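Protein chains in written order, with our numbering: chain A, 10 to 267; chain B, 232 to 546.
Each residue gets a CB set at the ideal place from its N, CA and C atoms; glycine is no exception.
Every value quoted in this text rests on a predicted model; they were computed, and no experiment measured them.
Each remark here refers to the structure printed beneath this line.
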């Protein structure tokens, strides 16, 4: 038997390599999960096609064509499903199964773990955008293309991710895994139906003003402003930044690693 | 790159006190772990072993007392300490859908100079289940994967919590051999266990703890030799009268120690010679008790624990 195999040679990998490894691992696990795929791609596609069909049959009138009106909202829905529901459920079970505890004794610092998670979210969201955007283009989507619009869409998606991720982590760090699973799905369904994410706040009558202040309403409106008007959605971005602050504060105060 | 030189203890715990609500988990514990040794922390469930370990690993802040690991404060110098230690949790620690080897590769990738993953997988017999999702691994396979994750980063010091709980004999041997090879290569190992044979086989130093306090320390040999190296266990068919231990002690005289294990058995520590046996037989005859078995043996850590605490260690 050879000796010297286990002679100590400790050391952490460089931070960027650890974060990359963590992001890659978390992306793989997110994509491996059937329910996650349903949440990430199938439901948004159903909402897109269903919404366009319903608009046609019910004779709903928007200032723009149904596909142009609905696609930004469905992209927002996709961001919400990943950064809120998927992240909350995955993190809840990581706590339950001791993954966070295990990684807590590895050289990966907590900031690196968070960066890895955000990296995984962005990769999955990019894939969602390609699938949903591709399907929408096939259905006749013609977004207003401009630099302002694209930058606005990107900023809205990033701030929306930050807001929903901080709220999702708050949920996952405070509740048991099963309760997180149930709550994250329920909140997602409620916001999808009544959170002004897919349909503009104006479709909800007087409640629209309040709905615009929800992270879902702000995310949806931000995407619509970017893709329908190629404009800069200042108010929605501010609303999302405020929710990010609230979510981060709550998470930092309450998160339990075990 | 070499390991920073230091001759001090790998772990120092002084007057550690931890309580959860009304439960005192650790009650003024002192212990030291020498570098390059295998140290077993032995005690029944609930003795405070895991709490002590988790305080050394930086998971818990000491409520009172001092904890130093590799001369570092596990709380204040966590970032410096973590790359240098390996931790094997008692259970869990992996995503339910992750494949065994995939998980190990991931942990390896967080370290600067990890061990060869394929070699480790082979050494721990994890090759056949390398592509199996974690949730479908057997308990023993999960334990071995957990040990692999603790050592893959080539740490100086490894904490292993109940490393062979629930393993079959073959897996236990494999695990013991790996731990012995780690020590040979200079790794310090702290393990908790409630298996006597594990502590006797592996440990250079044993710390026996009970109810959060250190009650005995020494090498397995020192602990078992102290107070006479031989034991006689007397088991009888009918329960003893309450006076039995004292009356047998009086018959044997000084130089031997009689202790009641339960209503049916006594432990006699002292010279296990023909004279002692004759005295025990004569005593049985006189008291009218029928011996079911009379066993001579070397004093074990189990006996040591029993003699110190008056309770059995078996859980």
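- Interface flag for residue 213 of chain A against chain B is unset, since no Cβ pair is found closer than 8 angstroms.
- According to the DSSP assignment, residue 493 of chain B belongs to the beta strand (DSSP E) that extends over 488-493.
- Under the Cβ criterion (8 angstroms, minimum of three pairs), the stretch 210-218 of chain A does not count as touching the stretch 176-188 of chain A.
- According to the DSSP assignment, residue 14 of chain A belongs to no beta strand (DSSP E), since it is labelled neither H nor E.
- No Cβ-Cβ contact shorter than 8 angstroms links residue 145 of chain A with residue 67 of chain A.
- Note that the C-beta distance between residue 464 of chain B and residue 406 of chain B is not below 8 angstroms.
- In terms of Cα proximity to residue 425 of chain B, the closest of B/403, B/396, B/442, B/359 is B/396.
- Restricting attention to alpha helix (DSSP H) runs no shorter than 4 residues, the stretch 298-371 of chain B encloses them at 309-312, 331-340, 348-354, ordered along the chain.
- Around the CB of residue 469 of chain B, fewer than 16 other CB atoms lie within 10 Å, so the residue is classed as exposed.
- In the three-state reduction of the DSSP assignment, residue 438 of chain B falls in the strand class.
- Comparing C-alpha distances from residue 440 of chain B to each of B/483, B/347, B/239, B/532 shows the shortest one belongs to B/532.
- Checking the DSSP bridge columns, you'll see residue 499 of chain B partnered with B/463, B/489.
- Residue-level contact by beta carbon fails for residue 185 of chain A and chain B, as no gap is shorter than 8 angstroms.
- Restricting attention to B/241, B/434, B/322, B/373, the CA atom closest to the CA of residue 304 of chain B is found in B/241.
- Counted as a single uninterrupted DSSP element, the alpha helix (DSSP H) harbouring residue 408 of chain B occupies residues 400-415.
- Residue 323 of chain B has a beta carbon lying within less than 8 angstroms of a beta carbon in chain A.
- Sequence-ordered contacts of the stretch 59-81 of chain A with chain B are nonexistent [C-beta pairs closer than 8 angstroms].
- For a Cβ distance threshold of 9 angstroms, nothing in chain A lies close to residue 496 of chain B: the least Cβ distance comes to about 40 angstroms.
- Across the set B/421, B/373, B/496, the C-alpha of B/373 shows the shortest separation from the C-alpha of residue 402 of chain B.
- Rounded to the nearest angstrom, the Cβ distance from residue 206 of chain A to residue 89 of chain A is 6 angstroms, consistent with a contact under 8 angstroms.
- If you look at residue 263 of chain B, you'll find it isn't in any alpha helix (DSSP H); it sits in the beta strand (DSSP E) that goes 254-264.
- The residues 441, 446, in chain order, have a CB closer than 8 angstroms to that of residue 540 of chain B in the same chain once the five nearest residues on each side in sequence are set aside.
- For residue 390 of chain B, the enclosing beta strand (DSSP E) starts and ends at 388-392.
- The continuous stretches of alpha helix (DSSP H) do not include residue 290 of chain B, and DSSP gives it neither H nor E.
- Within chain B, no residue has its CB atom less than 9 angstroms from the CB of residue 216 of chain A, the nearest being about 40 angstroms off.
- At least 8 angstroms separates the beta-carbon of residue 180 of chain A from that of residue 172 of chain A.
- Residue ranges of uninterrupted alpha helix (DSSP H) with 4 or more members, entirely inside the stretch 227-264 of chain A and ordered along the chain, are 243-263.
- For the 8 angstroms CB-CB criterion, residue 209 of chain A and residue 230 of chain A form a contact.
- At a cut-off of 8 angstroms between beta carbons, residue 232 of chain A makes no contact with chain B.
- Below the 7 angstroms Cβ cutoff, chain B contributes 328 as neighbours of residue 42 of chain A, in chain order.
- Taking the CA atoms as reference points, residue 431 of chain B sits about 14 angstroms from residue 421 of chain B.
- Between residue 169 of chain A and residue 250 of chain A, the CB-CB gap reaches or exceeds 8 angstroms.
- Counting only runs that start and end inside the stretch 150-187 of chain A, the alpha helix (DSSP H) elements of at least 4 residues fall at 156-183.
- Taking 7 angstroms as the upper bound on Cβ-Cβ separation, chain A lies near residues 310, 313, 314, 315, 318, 320 of the stretch 306-321 of chain B.
- A residue is called buried once 16 or more other Cβ atoms fall within 10 Å of its Cβ, and residue 521 of chain B, having fewer, is exposed.
- Closer than 8 angstroms at the C-beta level to chain A, one finds these residues of the stretch 338-356 of chain B: 338, 340, 341, 342, 343, 344, 346, 350.
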